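Taking it in order: structure first as structure tokens, then the write-up.
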Amino acid sequence: MKKNLKLRAENFKIKIGNISYNKKKIKETIKKANDDLVNILLLPELCITGASLYDGFANDDILEECLDALFDLKKFSKNIDTLFSVGLPVKEGRKIIDMVFLLKEGDIIGGFFKDNFKDHEKYVFDTPEEDEFIKIKDEYVHLYNKSYIEINDIKITVSIGENEEKNIPDSLISKSKNNIDIILNPSAKTRYIGSKKDIEDKIKFLSKDTIYLYSSTGLGESSTDFVYEGLNIIGENGKIKESKRDEFVDLCSYFDISQNTIEEFFDFKNKPSLSYWDKFPYLLDDKKIYVEDAFDILTRALIQRMEAISCKKVILGLSGGLDSTMALLFIVKAFEKMNLPKEKILLYTMPAFGTSKRTKSNAFKLAEAFEIKLNEIVIKDAVNIHLKDIGHDGKTQDIAYENAQARERTQILFDIGNMENALVIGTGDKSEISQGFATYNGDHMSSYAVNASLTKTELRYIVSYLVENTKNQKLKEVLDDILKTPISPELKNENEEKISQKTEDIIGPYELIDFFTFEFLENSSVEEIYEKAKVAFKDDYDKKTIKKWLKSFYKRLITSQFKRSVSVDGPALSQKSFSPRRGYLLASDMSAEVFLERIEKLDE
């Protein structure tokens, strides 16, 4: 027997924790689907609250509002023929359960729970006491994890979010046992560069001999540490039928009920031989996709933050170096998307004792290329007064001398930000964050850090693509020179004609630091990182040099954790970050000795 079904996966712009608003949007989405004769509608995980509520999920007021919303939607669905999903947190005793319910024609048909959590979810969510029923208010709802609901001979299962990230995904278990017709995967997946392709590849595999609907929350979610996917995808018989971001996708399908059994699932874990190792394992081969993803994710994050706080101005310290250049590029793109005038981008260059003519000149050329005014505030006098006030001779070029300049710049930006009601945009990158190469409460601090998940190597990768592809000749020329300019904090008064204080002479080559950082976040051991680096950089550095900078890397990484512990909000572009809220966490008073001792023993 053949069945004709119209299926839809859809998300909407949520408001975090605003259950009344989200419920209203859900009703609008359901009504439209019903009017469009949709048979099954998939909405994202935790769509009643938003997925980025974090510890707010445990708040009793939130939980009660969620249950009220669920039963209001149940009542609303009395005349709704569409089967639809709703995701929300449910309290059972002292446990908070991440659940999805299927509703239709005034009934809660069944429930599904999540039992495979992201790291930050483990502190909030748990699994129910029983896996067959859960009591919500005075109603017992049947649970169908790894099983199915059958409606009109159609077998439907739900696998929430990371339940599909297990070695054997829940949907495969359900399919192999029960010949499932339709798999629903409501998700709250965070976005990183290349994640769309990864998700689509997974769905191609999981949709073999079935139909697979995927919907992930997106717009409106917090951009404190992540940007959320916002993808809606439908796969059928191993092919992607529709895939859109922040737009609904439909599929009308005729199919037989009988399905083939999936008997085996292979988790491929083959790794390249150590006769070769990639120098840049964090970069995509397709430069265009990489750059487009980076701009889309980071501009969405900035837009979300600005809209959330009703802010229409930003302020940026533009030095003419790589980091502030990249931040400006993201800002300009975000303002284009928001249709905001460039006059609301407030740029300041603040030369001091170590500023070179080259970087200062490039700052002005960059602003000119975008037709944005660049304001200049010379901070030498202000810093000298401050140094005199604290009893510094103003001549000894020590840490206080250097950091006073960085902190003066930060103070100026924040004060003007207060005057102008503007968001102070941070420029620090992942390489600097890894090594603590920033002035504590100086350039370390901002209102929102757009570069925080990009390494220096990635910044160069993106800017080089723009040099190759921009049609703005002025921009092309200045970006090319910025790429060729040695990276420097420019805090020492030596020679304004020439950059003599070079960062890579102090902390090591960035390509090594970024390689070490990537492998460290992958939990590779000291020995593994060293062996991989020797192979990857065999034509660039000898063993002694790699060992020297590996030791420096670990020493700086561990001792600078206190700076990362108070890092500014900033979106992640990969699955691994140094965010103190959702990233790789270390103790600020941890010792580096265990790593340094193991490095000393390398090649013994």
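Residue numbering for the sequence shown follows the numbering used here, starting at 421 and increasing by one per position.
C-beta: ideal position from N, C-alpha, C; glycine also.
Remember, it's a predicted structure, so these values are computed and weren't measured experimentally.
For E620, the enclosing alpha helix (DSSP H) has its first and last residue at 615 to 626.
Here F545 has I516, D518, F537 as same chain residues with Cβ atoms under 6 Å from its own Cβ, once five neighbours each way along the sequence are excluded. Only residues of its own chain outside the window of five on either side were considered, and among them V898 have a CB closer than 6 Å to the CB of K785, listed in chain order. When rounded, the separation of the alpha-carbon atoms in G928 and T877 is 13 Å.
Rounded to whole angstroms, F504 and E549 show a C-alpha spacing of 26 Å. Assignment of beta-bridge partners to T610 by DSSP yields Y648. In the displayed model, T965 falls within a helix according to three-state DSSP.
The Cβ atoms of Y885 and K707 lie closer than 7 Å to each other.
At the C-beta level, L766 and I735 come within 7 Å of one another. In this structure, the alpha-carbon of Y632 lies about 30 Å from that of Y543.
In the three-state scheme derived from DSSP, where H, G and I count as helix and E and B as strand, R829 is classed as helix.
Secondary structure at H806: helix, using DSSP grouped into helix, strand and coil.
Between the alpha carbons of I654 and L671 lies a gap of roughly 7 Å. It is roughly 10 Å from the alpha-carbon of A826 to the alpha-carbon of M770. Taken in chain order, the unbroken stretches of beta strand (DSSP E) that lie wholly in the stretch 514 to 585 and span 3 residues or more are 515 to 524, 527 to 533, 553 to 556, 559 to 562, 569 to 571, 574 to 578. Annotated three-state conformation of N479 is coil, per DSSP. Residue environment analysis places Q855 among the buried positions, since at least 16 neighbouring C-beta atoms fall within 10 angstroms of its C-beta. Fewer than three pairs of CB atoms, one per stretch, sit closer than 8 Å, so the stretch 959 to 967 makes no contact with the stretch 830 to 850. The stretch 476 to 483 makes no contact with the stretch 442 to 454: fewer than 3 CB pairs, one atom from each, lie closer than 8 Å. Inclusion of G614 and K433 in the CB contact set at 7 Å is not warranted, their separation being larger than that value.
Within the same chain, and ignoring the five residues on either side of K661 in sequence, the residues whose Cβ sits closer than 6 Å to its Cβ are I654, L671. Y702 sits in coil when the DSSP states are folded into three classes, being neither helix nor strand. Taking C-beta separations shorter than 6 Å and ignoring five residues to either side along the sequence, the partners of Y860 in its chain run K983, following chain order.
Bounds of any alpha helix (DSSP H) do not take in Y634; it lies within the beta strand (DSSP E) bounded by 631 to 636.
Its Cα nearest to that of K891, the residue F790 stands out among F790, L742, N823, V986. The DSSP-derived three-state label of A429 is strand. Around the beta carbon of H562, fewer than 16 other beta carbons sit within 10 angstroms, so the residue counts as exposed. Burial of T502 is indicated by the presence of at least 16 other C-beta atoms within 10 angstroms of its C-beta.
Ranking T905, I460, F1015, M865 by CA distance to the CA of F936 puts F1015 first. For the 7 Å CB-CB criterion, L742 and L895 do not form a contact.
The shortest C-alpha to C-alpha distance from L1005 to any of R1018, E1017, S980 is the one to S980.
Shown here, D670 sits in a strand according to DSSP, grouped into three states.
In the displayed model, G655 falls within a strand according to three-state DSSP.
K815 and A772 have their C-alpha atoms spaced approximately 14 Å apart.
Taking 8 Å as the upper bound for CB-CB distance, L993 and S873 are in contact here, some 4 Å apart. The beta carbon of L461 is closer than 6 Å to those of R428, A453, T502, F504 in its chain, skipping five residues each way along the sequence.
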